Each structure stands twice: as C-alpha cells, then as structure tokens.
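Undergrad: Numbering (UniProt numbering), first residue to last: 1 to 314.
Note that the Cβ used here is the ideal one computed from N, Cα and C, for glycine as well.
Bear in mind the structure is a predicted one, so any value in this text is a computation, not a measurement.
1) What number of angstroms, rounded off, separates the C-alpha of residue 215 from the C-alpha of residue 195?
2) For a cutoff of 8 Å on Cβ pairs, would you count residue 152 as touching chain E?
3) Please name the residue in 283, 36, 101, 43 whose C-alpha comes closest to that of residue 22.
4) If distances are taken between C-alpha atoms only, which option among 66, 190, 67, 229 comes closest to residue 202?
5) For the stretch 25 to 97, which segments carrying the beta strand (DSSP E) assignment without a break, of at least 3 residues, lie completely within its bounds, in sequence order?
6) Compare the beta carbon distance of residue 316 and residue 56 with 8 Å and say whether it is the shorter of the two.
7) Does the count of Cβ pairs from the stretch 138 to 149 and the stretch 289 to 308 closer than 8 Å reach three?
8) From this set, 248, 292, 257, 295, which residue's C-alpha is nearest residue 272's C-alpha?
9) So, with DSSP's three-state summary, where would you put residue 295?
10) Rounding to the nearest angstrom, what Cα-Cα distance links residue 14 and residue 200 in this structure?
11) What's the call for residue 178, buried or exposed, on a 16-neighbour Cβ count within 10 Å?
12) Taking C-alpha atoms, which residue in 162, 217, 174, 245 lies nearest to residue 6?
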C-alpha cells in the first residue's frame with residue numbers, strides 16, 4: 001500500500017483526461033453544470049475546445065454525448081450520479097446501451113457524498129439500475145492508482161461504461177496502477193485470511209481493510225476482496241471464495257437491494273455454499289449527516305463492519 005497522500009478521485013480523473021485529450025483531440029468532456037464539482041476546471045483551461053457545457057439538462061447530456069460518439073468522438077459525460085442515473089436513464093438505455101455506443105458516463109458525488117443535502121441528491125440505487133442495462137460496464141475506483149489504471153483503459157476502450165465516484169480524498173489501497181486495475185472483470189485480493197471474506201468496491205474498500213485490522217486483533221483473520229468492476233463481474237474468484245469460506249460479507253455504499261450484495265449472491269446461489277451477509281443502506285430514506293457520520297450510523301465504517309462480523313460469528 002503506497003504511503004502517498006490521500007487524493008480525490010475526481011482530481012486524478014481530470015489529470016488523466018487532460019493527458020489523454022492532449023494526445024487525442026477526439027476525447028471530449030461534456031458536463032451538466034458540473035465543471036467545478038467534477039474537478040474539471042483544469043481540463044477546461046487546458047483544452048477549451050474539447051469541453052461542452054450543456055447546463056442542467058442531464059437527458060440532453062447523454063443524447064448529445066451519444067451523437068458525438070456516432071460522429072467519431074470519444075465522449076465522457078460528467079454529471080452528479082443521482083441525476084445521471086435517474087433523470088436520464090432512458091437515454092442511457094436507448095441512446096447509449098441499445099446501440100452499444102462509446103459513451104463513458106461519469107457519475108460524480110455518488111453514494112452518500114452529498115451528505116446533508118439528503119435523499120434527493122444521494123445515489124444509493126444507481127448500481128441496481130446500471131448493472132441491469134445491457135452492454136454497460138460498471139466501475140467504482142477505490143483509490144488514485146485504481147483510477148489511473150481504469151482511465152488508461154477507458155480512454156482507449158470503445159465500450160460504454162458507467163463510473164461512479166465520490167467526493168472524499170481516498171487513502172491508497174494499492175502501490176501502482178498496474179496492480180490496481182488489471183482488466184475489466186478482474187477482482188483483486190488485497191489481504192488473505194482464513195476465517196471470513198469481506199467483499200467491497202469503491203469507497204468501502206478502505207473501510208473493509210480497516211475492519212480486517214480490527215478483526216485480526218480479535219483473532220479473526222479476514223480475506224479482503226476489491227471487486228474493481230461490478231460489471232463485468234469476477235465470477236471465477238467469487239465462486240472460489242464462496243466455497244472456501246462459510247461466511248462472506250459484502251459492504252457497499254448503496255441500497256442493500258440489487259447492488260454489490262445481490263451481484264455476489266447470484267454467484268453464491270449458483271456455485272457456492274457460503275452464508276452471505278449484505279451490509280449497506282436499508283430500504284428507507286438515508287439519514288442526513290456527514291459521510292463519515294452516516295457510514296458510522298449504518299455500520300459501514302471499519303468499526304461497524306468489524307462489529308457486524310463479531311456479532312454474527314458469536
């Protein structure tokens with residue numbers, strides 16, 4: 001694990017897009033009044049002819065991106081995740097997915113990032129929607145190195161994808177991009193243990209690692225798996241751990257329905273024997289508070305995860 005300081009994923013993405021955009025003028029960024037919140041001001045300054053501001057019009061954002069893709073451009077559509085995957089989901093389904101169009105949909109301020117703005121701004125159902133749409137890859141990077149590796153792939157890929165990121169500066173889970181992102185559908189084992197398995201993705205990966213440290217002090221050794229991509233899914237690795245462990249815990253900044261836990265359950269049900277514990281947001285509007293406060297309230301921080309494991313094992 002690298003000792004470099006924590007960084008916001010959005011800033012790292014901007015750097016990658018600036019670098020790629022200078023080499024390829026077909027790379028364009030479109031935003032829906034989200035240049036600032038998407039950390040894209042440096043891109044606009046460096047490459048002003050390769051950024052399009054459509055205003056607060058998420059449906060137009062997706063359709064215009066699809067049109068540009070059909071004309072040979074390589075668009076990255078940037079908008080708050082809650083609106084990108086709700087207001088414009090028909091355009092994602094029809095204009096992007098149906099025709100397998102090369103649009104990268106970047107959902108910023110995802111999950112519970114908007115904190116006190118409340119449920120209208122939370123995207124706690126976006127994975128349930130996007131993973132059900134054909135042709136659409138789904139990612140949530142967990143640190144700066146995974147972000148770099150992922151975007152080196154995305155700027156060259158011709159496949160549509162949805163990428164959800166949050167606002168927090170994330171501590172590093174990896175030492176380099178090649179280790180962090182190998183290829184679509186390849187999960188990574190960050191830590192090996194013999195007792196239980198923790199499966200996470202995105203901003204819950206660092207919390208799973210914290211939980212593993214706490215559990216080890218109690219004599220419980222946990223394997224920690226970073227899924228890397230929700231779609232395609234590493235069914236081979238999940239099948240393996242579902243037969244190696246009696247208990248698997250999934251941790252997600254998402255509803256307990258139809259997200260990471262459900263994706264893992266589909267594998268366990270068909271090829272494994274483990275008991276699955278899904279840790280996420282309950283079927284109710286989320287409470288208001290800072291992201292750390294909300295994670296703690298729902299038991300999604302390191303201490304909460306460890307407590308859930310200890311309780312179920314005992």
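TA: With the given structure in hand:
1) Rounded to whole angstroms, the gap between the alpha carbons of residue 215 and residue 195 is 10 Å.
2) Any reference to chain E falls outside this structure, which holds one protein chain only.
3) It is 43 whose Cα lies nearest to the Cα of residue 22.
4) Comparing Cα positions, the closest option is 229.
5) Uninterrupted beta strand (DSSP E) stretches at least 3 residues long and entirely within the stretch 25 to 97 occur at 27 to 31, 51 to 53, 74 to 80, given in chain order.
6) Here the chain covers residues 1 to 314 and nothing more, so residue 316 does not appear.
7) Flag = no, the stretch 138 to 149 and the stretch 289 to 308 do not touch.
8) Minimum Cα distance to residue 272 is reached at 248.
9) Assignment of residue 295 by DSSP, reduced to helix, strand and coil, places it in the helix class.
10) Looking at the backbone, the Cα of residue 14 and that of residue 200 are separated by about 25 Å.
11) Exposed: under 16 other Cβ atoms inside 10 Å.
12) Shortest Cα-Cα distance from residue 6 to any of 162, 217, 174, 245 involves 174.
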